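Step one of this worksheet: look at the structure below.
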Amino acid sequence: MRLLTLKANGKPCSTSFTDANTPPYAILSHTWMAHDQEVTFNDIVKGSGRTKAGHNKIEFCASQAQEDGLEYFWVDSCCIDKSSSAELSTALNSMFKWYRKAKKCYVYLTDVSTTSSENCDTWKSEFRKSRWFTRGWTLQELLAPKTVEFFSKERSKLGDKSDLEELIHEVTGIATEALRGASLSLFTVVDVFSWADGRQTTEPEDKAYSLLGIFNVFLPPIYGEGEGHALRRLREAVKQKALDNVRDETEDFQPQKKPPPGTTNAVRMTFPPDPTADCTIRICLGGSTVADILRRCTGVELAKNNGLYRILLSNGAYLVPSPYLRVNGLDENGLNGLFGDKTEAAIRTGNVYKRQMSGEPVIQSCISFLISADAQKDVVLELMLGRELGGKIADELFSRNEHGAG
1 MRLLTLKANG KPCSTSFTDA NTPPYAILSH TWMAHDQEVT FNDIVKGSGR
51 TKAGHNKIEF CASQAQEDGL EYFWVDSCCI DKSSSAELST ALNSMFKWYR
101 KAKKCYVYLT DVSTTSSENC DTWKSEFRKS RWFTRGWTLQ ELLAPKTVEF
151 FSKERSKLGD KSDLEELIHE VTGIATEALR GASLSLFTVV DVFSWADGRQ
201 TTEPEDKAYS LLGIFNVFLP PIYGEGEGHA LRRLREAVKQ KALDNVRDET
251 EDFQPQKKPP PGTTNAVRMT FPPDPTADCT IRICLGGSTV ADILRRCTGV
301 ELAKNNGLYR ILLSNGAYLV PSPYLRVNGL DENGLNGLFG DKTEAAIRTG
351 NVYKRQMSGE PVIQSCISFL ISADAQKDVV LELMLGRELG GKIADELFSR
401 NEHGAG
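Taking the UniProt record's numbering, the leading residue of the sequence shown gets 1, the next gets one more, and so forth.
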């Protein structure tokens, strides 16, 4: 990526870095002016552009970065050579990563003033109406960086993402957990598109391209293909990634004739290296009891039709795995009933914000079932447990198995 720094004469110059050698940097988030008023890559190369209105934003970013002890900074208008289609494609697919890696992200709001009134409610009113919240690319610029700071057009700091969390949530509808840095993989496609709904982009295709990093998929840009076609390609890429992830999971879940160490029959427990992370129990279920277990844990019915599984929902709708489907279940009350002790039932889970289809509610869950379309395959029960409780269960599960084998 290219980064800017200031010469002794105050002019910005660019330097290219590999991923491995990129120094700490700040990054700018802003709304574009008319294109002839933005400082471009060619302006930086030629040392021109200082008379353009957009140069004020570069001066701000450079000044704020220096104040924060950062020599380098990045501005999209002039750090990408848009005349190169290959570079543009790389940049569009790397943008989320670049914002994520930045030490500081400065949001420069040219339509929010702090001098018109001493009353903070005045700038907050302007903040709510800022054009920045209506643009497509600024969604990932809000979600990707760890530190996001907001500034008025007078360069006065308004607060950071944490300070303004409630206000940002009111304006955008984005879940506070996402604003706090929760993994975006925990949110559904429907969630992300709801956050992007109503946002505008100069190029219609950018309504799709601006979401690539949020969904963590690669898509070569084809300007001129149209918004609808670009969104269809995006949805296909997201769907394919989900299927690939499920295939990766299920390859490890299949029962083996000789279970590897650490397993007992078709039960496998995984402890991640991070001592604070959840551990996972995976159980391959078969036989006539599967449907009953699924019903009690999730409230949905499992039916067979011509050798294929079909999921019947409580509202009468049904889902067909294609080729797999994950069904979540057990809220807090269900967990208490499963484990008895409410203290032990305080289970953390990475399996949250999974929205069921056909009008089913959002369920916070630590237990899920991975169901194949093929009714001959086992249903995989996956239980995510806090490390302490997982350790207790592992001791019971595997010590009993060893004792019985002896």
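We put the CB at the ideal spot given by N, CA and C, even for glycine. Quick caveat: nothing in here was measured; it's all calculated off a predicted structure.
Residues near residue i in its chain [Cβ-Cβ closer than 8 Å; skip 5 each side]
{"i": "T202", "result": "W32"}
{"i": "K103", "result": "P24, Y25, A26, D68, L70 and T147"}
{"i": "V189", "result": "F215, R235 and V238"}
{"i": "G49", "result": "V39, T40, D43, H55 and C78"}
{"i": "P204", "result": "G226, E227 and A230"}
{"i": "Y72", "result": "L3, L4, T5, T15, P23, P24, Y25, A26 and A65"}
Pairwise C-alpha distance: residue j and residue i
{"i": "L219", "j": "A237", "result": "8 Å"}
{"i": "F17", "j": "S183", "result": "27 Å"}
{"i": "R199", "j": "D292", "result": "45 Å"}
{"i": "N9", "j": "R2", "result": "20 Å"}
{"i": "F187", "j": "S322", "result": "20 Å"}
{"i": "Q64", "j": "L294", "result": "56 Å"}
{"i": "Y99", "j": "G181", "result": "13 Å"}
{"i": "S130", "j": "K124", "result": "10 Å"}
{"i": "F151", "j": "E126", "result": "12 Å"}
{"i": "A242", "j": "D19", "result": "27 Å"}
{"i": "L142", "j": "V112", "result": "17 Å"}
{"i": "Y223", "j": "R233", "result": "13 Å"}
{"i": "V217", "j": "S83", "result": "24 Å"}
{"i": "A317", "j": "R296", "result": "18 Å"}
{"i": "V300", "j": "A373", "result": "16 Å"}
{"i": "E165", "j": "D197", "result": "20 Å"}
{"i": "S85", "j": "P221", "result": "9 Å"}
{"i": "Q240", "j": "Y106", "result": "34 Å"}
{"i": "K57", "j": "K377", "result": "58 Å"}
{"i": "E59", "j": "K101", "result": "22 Å"}
{"i": "R128", "j": "N305", "result": "52 Å"}
Distance CB(residue i)-CB(residue j) smaller than 8 Å
{"i": "W74", "j": "Y25", "result": "yes"}
{"i": "T110", "j": "K153", "result": "yes"}
{"i": "L28", "j": "C78", "result": "no"}
{"i": "S156", "j": "T114", "result": "yes"}
{"i": "L169", "j": "L158", "result": "In the sequence as presented, Leu is not what sits at residue 169; that position holds His. No, Cβ-Cβ distance for H169 and L158 is not below 8 Å."}
{"i": "H55", "j": "V39", "result": "yes"}
{"i": "L212", "j": "N93", "result": "yes"}
{"i": "D160", "j": "E149", "result": "yes"}
{"i": "A34", "j": "F96", "result": "no"}
{"i": "K52", "j": "Q37", "result": "yes"}
{"i": "A375", "j": "G307", "result": "yes"}
{"i": "L167", "j": "I283", "result": "no"}
Cβ shell of residue i (< 6 Å), same chain only, five flanking positions each side left out
{"i": "I174", "result": "W195"}
{"i": "I214", "result": "Q140, L184 and V192"}
{"i": "V379", "result": "L285, V290, F369 and I371"}
{"i": "S14", "result": "R2, L4 and I44"}
{"i": "G136", "result": "R199, T201, D206, K207 and S210"}
{"i": "D163", "result": "none"}
{"i": "D76", "result": "none"}
Integer Cβ distance of residue i from residue j, believed to fall under 8 Å
{"i": "I371", "j": "Y309", "result": "6 Å"}
{"i": "T298", "j": "L383", "result": "Not really, about 13 Å apart at Cβ, beyond 8 Å."}
Neighbourhood of residue i by C-beta distance below 7 Å, restricted to the same chain and skipping five residues each side
{"i": "D81", "result": "F41 and E87"}
{"i": "L6", "result": "P12 and A62"}
{"i": "A303", "result": "R310 and L312"}
{"i": "T172", "result": "F133 and W195"}
{"i": "T138", "result": "S29 and W132"}
{"i": "L325", "result": "I311, L319 and I371"}
{"i": "G47", "result": "K11"}
Contact test: residue i Cβ vs the ligand PLP heavy atom, cutoff 7 Å
{"i": "R326", "result": "In the structure on display, the ligand PLP does not appear, and there are no ligands present to speak of."}
is_contact[residue i, chain B] using C-beta, thresh 8 Å
{"i": "S288", "result": "Absent here is chain B; the protein component of the structure consists of one chain."}
Q.
Using a Cβ distance threshold of 8 Å, determine whether the region 223 to 230 contacts the region 204 to 212, with at least three qualifying pairs required.
A. yes
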